[in-house]
Every structure is written in C-alpha cells, then in structure tokens.
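What follows is the structure in structure tokens.
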C-alpha cells in the first residue's frame, strides 16, 4: 500500500435505504429499510477508526457514492427479480437516498450514480462507482482520483456482492490502482453471493484486509 497521500477510501452506497429498518427506528429517522442489506449499518461504525486516521492527514482522500435513482426508471419494479430490477430505493432527494447520518462529516467528496431513466433494467450502469459523478461539479470519479494521484483504492460499503464488488473490479481492471476491499466494513445481500463475489475479486488480484490491518499498514508507511 502507498502512503496516505496516494490512498483513497471509497464508501460505497452507505445509504439509509440499504440499512435495516431497525437502524432507522433506533435513530428516529426515515428512509431506512427500503432495500436492506443484513447488518448493513455495521459498516458505518466499523469504518470510523479508518476515517479518523485518513482525515487526520489533509492529503488523504475519502469519498462517498450514492445511488441517485430517478422516479420512473426501469431499475424499479413492483415485482422485482432482484437481479436487474429491484424495489424502489434510494430515489433522488428522498430520505432513503441520504447517507447514514454518522457519515455526514465525510461528504465533502460526494458522488452520485444511477440517475438514468432506464427503459430496461438490464441496461443499468449504476452498480459501479466507476461511473459515479461529483455532486459538486459533475467530475467523473476516475478523473477525480487520477487528479488526486490516488494509487491505492480502499473499498467499503454496500453491498459486497453488488455495488462494492462492481466498483472494486472496475477500478482494478480499468486503472493501475491497487484495490483493497475491507472485510469488516462491507456486507453482502446474501452469504452465498458474497462468497462468490470474494472469489471473483481474489482471482483478479484484489486484496482483502480488515480496517485494523489497513490502519497498521498506513501507520507503518507514514
């Protein structure tokens, strides 16, 4: 892993809509439980030590991605197949599209994806953060990271077997970045597809580390 200056943490789709409804009840907030990933809320607390480590160095990069689906897109279906169509979730400018509130301090570099009105769910490009664009100035995420001279991308968030996987694979295969996926700060929709996703990523040379292992490596390298 390179030093902090060349490292970015990407928090993929840690949005209310992907978190269990019980987390919204605990916090007294709306938008949770639209398309929940089991234990999805735990990625937020797991990430806090790494976020603090990286944000203590103003040259490090932390960014978030958010599904930003429009109303009327074929990504949504009242009878979803859970492969190319899904229940309504993370719709633009709704509570479900907001990040978990404990991430509000790291939203300076916020990116959106999935804003196309699709005619067919099969045409969706929203899974990968590689296709995300900046809320601030519409810069593409790969361009943003290239401008920051990022050489190591650490991927966390939701879900391991869908958007986190797609993001990690695209950056591994389409750039020269070293890509690391955090084992304790990602969660899969289902255990079986999670295992398949890990196997697919390992075959491509994507590394898997815990939050603590990444912090230790960064502190050793300075």
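Numbering (the numbering used here), first residue to last: 17 to 238.
Built from N, CA and C at the ideal position, the CB exists for glycine as well.
Nothing here was measured: the structure is a model prediction, and the numbers come from that model.
- Mind reading off the beta-carbon distance from residue 26 to residue 170? Whole number of angstroms is fine, and I expect it under 8 Å. Confirmed, about 7 Å.
- CA-to-CA distance, residue 130 to residue 87, given in whole angstroms: 11 Å
- If you follow the beta strand (DSSP E) that residue 225 is part of, which residue opens it and which one closes it? 223 to 225
- Item | Residues bridged to residue 197 (per DSSP) | 171, 224
- Item | For residue 305, three-class secondary structure by DSSP | Outside the shown range of the chain (17 to 238) lies residue 305, about which nothing can therefore be said.
- Return helix, strand or coil for residue 83, following the three-state DSSP convention. strand
- Measure the alpha-carbon distance for residue 72 versus residue 135 and round it to whole angstroms. 44 Å
- Starting from the Cα of residue 80, find the closest Cα among 39, 22, 113 and give me that residue. 113
- Classify residue 31 as buried or exposed, calling it buried when 16 or more other Cβ atoms lie within 10 Å of its own Cβ. Buried: at least 16 other Cβ atoms inside 10 Å.
- Query: Of the residues 77, 92, 60, which one's Cα is nearest the Cα of residue 39?
  - Reply: 60
- Check whether the Cβ atoms of residue 127 and residue 151 lie closer than 8 Å to each other. yes
- Pull up the CB-CB distance for residue 196 and residue 225, whole angstroms please, since I reckon it's below 8 Å. Going by Cβ atoms, the distance from residue 196 to residue 225 rounds to 5 Å, so yes, they are a contact pair.
- Query: For the putative contact between residue 168 and residue 193, defined by C-beta atoms under 8 Å, what is the C-beta separation to the nearest angstrom?
  - Reply: 6 Å
- Query: Between residue 37 and residue 47, what straight-line distance do the alpha-carbon atoms span, to the nearest angstrom?
  - Reply: 8 Å
- So the beta strand (DSSP E) residue 25 belongs to, where does it begin and stop? 23 to 28
- Measure the C-alpha to C-alpha separation of residue 232 and residue 172 and round it to an integer number of angstroms. Each residue's CA atom was taken as its position, placing residue 232 and residue 172 some 17 Å apart.
- Query: Residue range of the alpha helix (DSSP H) that residue 62 falls in?
  - Reply: 58 to 71
- Item | CA nearest to the CA of residue 28, picked from 176, 110, 76 | 176
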